[in-house]
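With the working numbering, the residue at position 139 of the sequence shown is 139, and numbering never jumps. Below: one structure, written as structure tokens.
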Amino acid sequence: MIGRFLCGFVAVLAFAMPVRAAEPAAFTVDSLAKIKAQYAGRPFILGMWSVSECSYCIDELTMLGKLARTHRSLPLVLVATDTPAQGAAMQKILTPLGLAGVDSWVFDDPVPERLRRAIDPSWYGELPRTYLYDGEHRRETIVGILSEQRLRAWLRRHRVAN
């Protein structure tokens, strides 16, 4: 009887604990190739953001979090242009926005320009920046805040289900 009570109590505590974002993966020059392989033949969204260098990123992340709650299969990959040392700060931002379970990466190179160039040779660091990849991995680049209307249209066009 006590054993069952303790098991039940532990289960209740586990569900009551807040969900934390997973530790972001290290983004290196070959990470985009790994992400594309993970989404082989499928569309995905690559969102670039920063904890410390982007005041508009929170607006976009808020919209993405709202959408992620209604689109459980949202193919979203977030890459922070910060450093691995800012992982805890990233979690503090992503968790309350509903993005704790999203595939999350953080720049891990002493020369961030090298990583930006690996993603897009025409990118000089402006944020937020979003890449919408179709199933053949042709991409559409959005500089600045991605509107919810534009993203919803893209999701419909590429038949990304809820």
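Ideal Cβ positions, reconstructed from N, Cα and C, are used throughout, including at glycine.
- Excluding the 5 residues flanking it on each side, glutamate 148 has same chain C-beta neighbours closer than 6 Å at Met63, in chain order.
- Residue Arg69 holds the alpha-carbon nearest to the alpha-carbon of alanine 161 among Ile145, Arg69, Ala37, Glu60.
- A check of alpha carbon separations from serine 50 across Thr81, Asp109, Ala26, Ser122 identifies Thr81 as the nearest.
- Within the stretch 17 to 97, the complete alpha helix (DSSP H) runs of at least 4 residues fall at 31 to 38, 57 to 70, 87 to 94.
- Sequence-distant Cβ neighbours of threonine 130 in its own chain, meaning closer than 8 Å and more than five residues away, are Ile45, Leu46, Gly47, Met48, Glu60, Thr141, Ile142, Leu146.
- Residues of the same chain with a CB within less than 7 Å of the CB of leucine 97, apart from the 5 flanking positions on each side, are Leu61, Thr62, Gly65 in chain order.
- Between the alpha carbons of aspartate 103 and tyrosine 124 lies a distance of about 24 Å.
- According to the DSSP assignment, tryptophan 105 belongs to the beta strand (DSSP E) that extends over 103 to 107.
- Under the DSSP definition of a beta bridge, valine 143 partners with Arg129.
- A Cβ-Cβ contact shorter than 9 Å links valine 106 with threonine 83.
- The DSSP-derived three-state label of leucine 151 is helix.
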